[in-house]
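In my numbering, the protein residues as written are 771 to 1135.
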């Protein structure tokens, strides 16, 4: 096992962790895995391709682009001259989340591009949790867009895909033609108002095995519940992806679907991304406020969908904030769905594809 990993949130961060306790024996750190290193010294691992064979409903061709020496995976489906839809995912998922929507939208003639964040899915996975900062993932996504030469983008954004995506739209409005915000938000936190923290020292805790181990925090509401979520993910010793997915969807996922969501993470050495992404909230210190000002001037079409079973981002007041603030949201067919939880693409993917198509058709370029 390598030396304990320090978490050091530099640019875009607010707290520096100096001490990390050694991993306990319950942690499965697979020493047989080949560790690679970029020219800039970033150590990373790559999930074996065999983990992605014969996934349920996922028969797409893989594509890759280099982002600072790391391989970033993406799907690129549909006609090359079709109207472009960029689909950004969050935590703890990968582009598998968009398989239902992609098939329906490609059948209607759209070009659908869905990248995996670095550290997630089929993309390379840096070993150090410190890699995962909000600013870095925003920068990675913008580099991805520019590497592929994408313009006139309709973006479908949810979860961390929305926290990243709305910032990119606000700062780079010329790249985007339309926005579909589904269970998403851009928290307007500053260094003074941010309540979230990363513990010092950071320790993984074998006692955290299920949501019941942090349930008392959920009962207190936000921000306590989200801080509990940060600790749950950061301190967990196992692959918790399946449990999270079933908690955050209305539909009962099949064993094959759960296995697909867990496929990128065969052991703890691969898990820095899903463990650390919620902690990026501690790095929101006002760098997103400029984007918010840009969004308040965004006159291109903007639509909001929420799943009301999502108690974090499916709250009507969040939707109302966006409708009120963004000029392009005026007069659009915003909707709320009773039968959808946080991962709205999984619960009602066909409906999301239909509504995205209708939104684009009502708002031609």
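Every residue gets a Cβ at the ideal spot worked out from N, C-alpha and C, and that includes glycine.
task: Just confirm the distance between the C-beta atoms of residue 892 and residue 886, as a whole number of angstroms; I'd bet it's less than 8 Å.
output: 6 Å
Spatial neighbours of residue 1018 in its chain, beta-carbon cut-off 7 Å, leaving aside the 5 residues before and after: 1111, 1112, 1113
- prompt: For residue 1035, which residues of its own chain have a beta-carbon under 6 Å away from its beta-carbon, when the five flanking residues on both sides are left out?
  reply: 1009, 1041
- request: Taking only the alpha-carbon atoms, compute the straight-line gap between residue 1026 and residue 823 and give it to the nearest angstrom.
  value: 12 Å
- prompt: Cβ of residue 1052 within 8 Å of Cβ of residue 1109?
  reply: no
Cα-Cα separation, residue 1061 to residue 801: 42 Å
field: Whole-Å CB distance - residue 816 paired with residue 894, under 8 Å assumed
entry: 5 Å
- prompt: Helix, strand or coil: which one does DSSP assign to residue 808?
  reply: coil
query: Which residue spans inside the segment 1071 to 1095 form an unbroken alpha helix (DSSP H) run of at least 4?
result: 1086 to 1095
- request: Could you give the DSSP three-state label for residue 791: helix, strand or coil?
  value: Note that residue 791 scores a pLDDT of 43, beneath 50, so its modelled location is shaky; the value from the coordinates is reported in the next line. Coil at residue 791, not helix or strand.
field: DSSP three-state assignment for residue 833, whether helix, strand or coil
entry: strand
- request: Buried or exposed for residue 980, please, with buried defined as at least 16 other CB atoms from any protein chain shown within 10 angstroms of its CB.
  value: exposed
Alpha helix (DSSP H) segments (min. 4 residues) lying fully within the segment 1020 to 1048: 1025 to 1032, 1042 to 1046
DSSP state of residue 856 mapped onto helix, strand, coil: strand
query: In the structure shown, what three-state DSSP assignment does residue 976 receive?
result: coil
- request: Please confirm whether residue 1086 and residue 1067 have their CB atoms less than 8 Å apart.
  value: no
- prompt: If you compare alpha carbons, which of 826, 841, 1118 is closest to residue 833?
  reply: 841
field: Local conformation of residue 927 per DSSP, three classes
entry: strand
- prompt: Quick one: what's residue 840 bridged to in DSSP?
  reply: 837
field: Proximal residues to residue 829 (C-beta, below 6 Å), its chain only, five neighbours per side dropped
entry: none
- request: Look at the Cβ atom of residue 978, then the Cβ atom of residue 799, and state whether they are nearer than 8 Å.
  value: no
Segment contact flag, the segment 944 to 960 with the segment 924 to 935, C-beta cutoff 8 Å, min 3 pairs: yes
task: Buried or exposed for residue 917, please, with buried defined as at least 16 other CB atoms from any protein chain shown within 10 angstroms of its CB.
output: exposed
task: Could you check the C-alpha separation between residue 819 and residue 914 for me, to the nearest Å?
output: 22 Å
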